[in-house]
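Using the UniProt record's numbering, read the sequence shown as starting at 1 and increasing by one per residue.
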Amino acid sequence: MSTETLTQPLRTTKKSIHKTGVLIVNLGTPDTPSVPDVRKYLRQFLMDERVIDIPYLNRWMLINLIIAPFRAPKSAKVYKQLWRPDGSPLKIYGYSVKDKLQKVLGNDYVVELAMRYQSPSIENGLKELRKQCLSEIIVVPFFPQYASASTGSVYKEVMRVVQDWEVLPEIRFVNRFLDHPKFIQGFVDLGKKYMAEREYDHFVFSYHGLPERQITKGDVTGSFCQFGSCCNQLDHRNQHCYRAQCFETTRLLVKGLGIPEGKYTTCFQSRLGKNPWIKPYTDEVIPELTKKGVKNALAFSPAFVSDCLETTIEVGEEYKEIFEKEGGIHWQLVESLNDSDIWIEALEDMIKNPAV
C-alpha cells in the first residue's frame, strides 16, 4: 500500500452511513384478557400523570383502591369479547403494520413497534433501535390528533428513556396527522363503501374524550378556549387543542365524503368520573338523533387508527344497542385503517416527507 493511499481521506457517502430508526407507538393493551393482566394495564395507564392529572397521592388512591380493583373484572369481560385467537387486535394490527412498513421503507430503515403501556414497551423498542447505530430516530405516535394524554405522554416516555444515552441520534416526532391526505382518504374510502350499500340519514364522528380541564390547561393564551365557537376553525391559537383538532378532522372527512350540513355530528366518548369532559357526549347525542327521526346512522371513530375496545365494542356494539333501543333501525361502525395499504402509504409519507 503506497504512502499516497494511506494519506487519502476516508471517503463516505451519506447513503453508506445514514440509517433511520422508526418507532411506531400505539396506546397499549393488556397482555391477556385475564383480570390480573387487565388490572396491571389499568394501573400503568391511569397512573400516568398526563392521563389523570391530579396530585400523585390522590391519583394513587383513586386508581389502586377504587378503579383498578372494581373496574378490572368488568373490563376483562369486555376484552374477552374483543380478543382473537391470536391475541389483542391492537397488537395484531401493530405487528402487521410494522412488517408492511419495514418492507416498503427498505433496508435504510429499521422499524420497531411499541405500546405506551404494557408490551412491547417504548423502552425495549428504543433499546433495539439503539443497537443499530442510527443517524436518526423517527417516533410516530398512532394518534391523529395531538393530546397531552396521548402524544405528549409518548414524547415524555421517549425522552425519559434516551436522556442518559451517551450518543443521541437526531430524534423527530410526528406531532399529529389529522390532515394528512392519505389518512383522510383512508376513512373516506371506507365510508363510501358503506354509503354505496345503504342510504344513511346521519353520520356520527365519535372521538375519545378528555376532561375539560386538560383542554383549558393546554390553552397557552389563557383566554382563547371557550368550548364553543373557538373550535370552528383550526389556527395557530388552538392548533394543539384536542377538541379543535377533532372538529377539524370531521370537517375534512365531511368534505371528502360529500356529506351536507345538518347531516353529521361530532361527539366524544369514553368519559371517566364525575368531572366535566369535552362535549357533546356520544351516548347523549344518540337519543337526540333518534328523537329527530334518524333511523340509519354511519359511525366513524377517527381518533383511532386500529380497531380496539373503544371502536369495536363501545362504538360498534354499545352505541348500536342504545341507538336501536331509542328507535333507530341501522347503526354501522366504519372500521379503522388497521393495516390497510393506504395507511401504510400514509406512514411512509410521514416518515420520508415530513412536510406532507
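By construction, the Cβ of each residue, glycine as well, lies at the ideal position given by its N, Cα and C atoms.
Asked, Found
"contact_flag[the region 268-282, the region 140-156] where n(CB pairs < 8 angstroms) is 3 or more", "no"
"Bridge partners - Tyr146, DSSP secondary structure assignment", "According to DSSP, Tyr146 bridges with nothing at all."
"Among Asp99, Ile54 and Gln145, nearest to Tyr109 - alpha-carbon criterion", "Asp99"
"Distance, Ile52 Cα to Arg43 Cα", "11 angstroms"
"Validate contact between the region 223-242 and the region 320-340 using beta carbons, cut 8 angstroms, 3 pairs", "no"
"CB-CB length for Leu298 against Tyr207, believed under 8 angstroms", "That pair is no contact at about 15 angstroms."
"Boundaries (first-last residue) of the alpha helix (DSSP H) holding Arg59", "Tyr56 to Met61"
"Nearest-angstrom Cα separation, counted from Lys279 out to Thr216", "14 angstroms"
"Supposed contact pair Tyr319 and Ile286 - C-beta distance, whole angstroms, cut 8 angstroms", "6 angstroms"
"Phe70 (DSSP reduced to helix, strand or coil)", "helix"
"DSSP-derived helix/strand/coil call for Gln185", "helix"
"Classification of Thr221 by the beta-carbon crowding that lies within 10 angstroms, buried from 16 upward", "exposed"
"Exposure label - Pro302; buried when at least 16 CB within 10 Å", "buried"
"Pairwise C-alpha distance: Glu49 and Tyr56", "8 angstroms"
"Limits of the beta strand (DSSP E) - the one that Gln214 falls within", "Element bounds for Gln214: not the beta strand (DSSP E) but the alpha helix (DSSP H), Glu212 to Lys217."
"Beta strand (DSSP E) runs wholly inside the region 274-328, at least 3 long, in chain order", "296-300"
"Contacts around Phe177, its chain only, beta-carbon distance under 8 angstroms, and the 5 residues preceding and following it disregarded", "Pro144, Phe183, Ala346 and Met350"
"Cutoff 6 angstroms; reference Met47; Cβ partners in own chain excluding five residues on either side", "Ile63"
"Phe205 vs Thr151 beta-carbon contact at 8 angstroms", "no"
"Meets three-Cβ-pair contact criterion under 8 angstroms: the region 117-131 and the region 60-76", "no"
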